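Enquirer: This is the structure I want to talk about, given as structure tokens.
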Amino acid sequence: MDQITAEKRTDRRLDPSRLAERKRRRRRQRQRRKIGMIVLTVALCVIAFFAGRCSAPGTAEGHGEAQTAAAERTENQFAIVRETAEIRETAVVNETEALSDDEKRSYVEAHPELYPEHLVEFMYSSPESVDFIYSYPEYKNKKQVIDLTEEYVRGEIPLLIQWDKRWGYESYGDDILALSGCGPTCLSMVYTGLTGDLSMHPSAMGAFSEACGYYLEDVGTSWELMGEGARMLGLESDTIPVDRDCFYEELDAGHPLICSMSPGDFTDSGHFIVICGRKGNRLTIHDPNSPERSSRAWSYDEIEDQIKNAWAYHYDDRS
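Below is the structure:
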């Protein structure tokens, strides 16, 4: 295929009108599936009802055997319904995942009526969040069940992302957690890892921060959340100097750090990150806004000039 033909095909694939039509078609397909599942379920219920009613009366023993057989048939029928529903749900998920990031980005750009401008700007500044932004119209009003069981490993600090669909659309201050919730997400990581208590996920931590007045309008999360707020939750929190030896000493003692960052590798304005360990001179960093930056090791020299303040944490479970 020559380059011009390839470019034309790419343009057609990313054409906003085509993407919109594909999304409408998928929505109609999902609606038809739901209707089909309802009809199928009702039909099976009717079949099961008449199967029980029409069982031959005969002897008590024969009647009992007929009821047992009918019950087994009904259970098998409902098992088929459940399995079919699971298969269809998987198919719907796979349809969405089949869209490339470029296609999702093009759809967002073509539908400004669905996406607030500040979310689109966030998509550009944090390209990893494109799927989260694309899913905004569908998820923005859904209350999610939050379970950190898969993220939690005893003795480790879990990586949590502020734009996770489970909590990222929830309000925090004058914005949503995805955009301004780096502080609560960092403290949630530290609290969960040290205590093993999975209830203070980013959504709960954001609510705690707001209730205690730690969110400052037009500013963001106050540093007080990292000190006073953490102590209210039962953690030991100490402000420490931005110093290599001090950082290494705390990390070697198993004490994770939260750092307030100035513009640089992690942010264009202000940000919080977690430093949860080290291997030699390489630091393990959990950036709540970037799985990619969290996946690489960092040297102290790379980040020292970007750190404005730091807190070290530990937890005494005997208290």
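So the number in the working numbering is just where the residue sits in the sequence shown, counting from 1, plus 357.
For glycine and all other residues, C-beta sits at the position ideal for the given N, C-alpha and C.
Predicted model only: the values in this text are computed from it and were never measured.
#1: Going by DSSP, what residue range makes up the alpha helix (DSSP H) through M480?
#2: Taking Cβ to Cβ, would you say E661 is nearer than 9 Å to V599?
#3: Which residues in the same chain as A417 place their Cβ atom closer than 7 Å to its Cβ, once the five residues preceding and following it in sequence are excluded?
#4: Distance, Cα to Cα, R653 vs H643?
#5: Just the Cα atoms here: how many angstroms apart are S486 and F629?
#6: Nearest to Y670 by alpha carbon, out of V502, L551, T624?
#7: From N651 to E470, what distance separates their C-alpha atoms?
#8: Give the straight-line distance between the Cα atoms of V465 and G525, rounded to the nearest whole angstrom.
#9: Would you mind stating whether W520 and S483 have Cβ atoms separated by less than 9 Å?
#10: Going by the DSSP bridge assignment, what does V631 pair with across the sheet?
#11: Taking the beta carbon of E478 as the centre, do at least 16 other beta carbons fall within 10 Å, making it buried, or is it exposed?
#12: For the candidate residues L517, Y491, H468, whose alpha-carbon lies nearest to that of P645?
#13: Using 8 Å as the Cβ pair cut-off and three pairs as the minimum, do the segment 499 to 512 and the segment 553 to 569 touch?
#14: Under a three-way DSSP split, which group does Y493 fall into?
#15: Would you mind reading off the limits of the beta strand (DSSP E) that contains I664?
#16: In the DSSP assignment, what residue or residues form a beta bridge with S656?
Expert: From the atom records:
#1: 474 to 482
#2: yes
#3: In this prediction, A417 has a pLDDT of 47, which is less than 50 and means its spatial position is unreliable; what the coordinates show is noted afterwards. None.
#4: 10 Å
#5: Approximately 18 Å between the Cα atoms of the pair.
#6: L551
#7: Contrary to the premise, residue 651 reads as Ser rather than Asn in this sequence. Computed Cα separation, rounded: 33 Å.
#8: 17 Å
#9: Against a cut-off of 9 Å, the Cβ pair of S483 and W520 comes out as a contact.
#10: I615, H643
#11: exposed
#12: L517
#13: yes
#14: helix
#15: 664 to 671
#16: R639
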